[in-house]
Amino acid sequence: MFKVIKSEVQHYKAICNLASSKWKNENAVDLGGVRCTFWSLGDSLRPGGMVNSFVVAAFCYHLFIRHNGHPDISKRHYFFANIADNLLKHPTEANDEVIGRAFRLSSKARPLPHCNMLFFPTFYENHWFLFVVDIKDSKFVFLDSYYSKDDKYQEHVRDRMIMSFQVQWDRYVNVDMKFDEYGVVYPDIPRQPHDNHFDSGIYTMMGLEHWTSPRSLLSTIFQPSDIPTIRIKIANQLMFLPRNSGMKNLVLTYFDEDI
């Protein structure tokens, strides 16, 4: 599934090199309200790079704008990482304006109670994981490629995020979904090696794209050995989105010119 061709490898090398060039602050991806620079894209997706929130936001938007991605079709909403940042705070400390705006704008595309899944990519203590509110199956799902449900890390984020989500839902959506009856699920997913502390963002983006239900088997889609190739694929995907008005030409001509 994750085979790359020569041109994709060349484009990937160009993107990684442009991250430390004089063009590093130019927009590699510009999708209107969602942008990331060559530094963000290349430094995040280079071998061993820790993905930053701008790249995850661009990836979420890519999932939203693809042909079957609109919530009226997919019944999925993808929230940017700043929403999870606020769900990790006590509700009295969260930015109400940020959360309220996100919930209201999302509901314009499709009312949140009528969705099957809400996705919250989360970056906490230098690690990415995915929190999913699975409305269809009445589950709170945590996709974490490194920590297990019994690790203190997950014990902390799980308790905080579930509580905060319910408070914010009651505040801005105010539809009784019986969240108190939801189960908590930690599915069996591909795992990072224990000495790997930088690939969690790639696993999280794979979860965003491919997780469909508690019966999903991500291990049939990718393995840890695929991660280097997936980095190349994602870089090319985002760079060459039809709606991207970023500086694609810098990538296409990188090896033709002295940049």
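In the UniProt record's numbering, the protein residues as written are 1 to 259. Glycine is no exception: its CB is placed at the ideal position from the N, C-alpha and C atoms.
Any C-beta of chain C under 7 angstroms from that of residue i
i, result
"W128", "Here there is only one protein chain, and chain C is not present."
Rounded C-alpha distance that separates residue i from residue j
i, j, result
"P111", "N196", "39 angstroms"
"K89", "S164", "8 angstroms"
"L217", "P242", "30 angstroms"
"Y124", "I15", "26 angstroms"
"P113", "F119", "14 angstroms"
"Y172", "L31", "27 angstroms"
"I202", "I227", "7 angstroms"
"L63", "H194", "30 angstroms"
Span of the alpha helix (DSSP H), counted from its first residue to its last, around residue i
i, result
"T37", "Careful: T37 lies outside any alpha helix (DSSP H), inside the beta strand (DSSP E) at R35 to T37."
"G207", "S200 to H210"
"V167", "K152 to Y172"
"L250", "K248 to L252"
"K6", "K6 to L18"
"K3", "Element bounds for K3: n/a, residue is neither H nor E."
"R231", "I227 to M239"
Near the ligand MG: residue i beta-carbon under 6 angstroms from a heavy atom
i, result
"K108", "Summarising the ligand content, the structure contains no ligands, and the ligand MG is consequently not present."
Sequence-distant residues of its chain with Cβ nearer than 6 angstroms to residue i (five each side left out)
i, result
"F54", "C36 and S40"
"K75", "C115 and N116"
"S138", "Y182"
"V184", "F140"
Close Cβ partners of residue i (< 7 angstroms) along its chain, the five nearest in sequence each way excluded
i, result
"T229", "F2 and V4"
"N52", "S40 and S44"
"N236", "E8, H11 and Y12"
Beta-bridge partners of residue i, as assigned by DSSP
i, result
"M117", "R76 and D134"
"F123", "W128"
Where the beta strand (DSSP E) containing residue i begins and where it ends
i, result
"F140", "K139 to L143"
"V185", "G183 to V185"
Practice task
For the region 25 to 108, list the alpha helix (DSSP H) runs that are entirely contained and at least 4 residues long, ordered along the chain.
Solution key: 38 to 45, 53 to 65, 71 to 74 and 81 to 87
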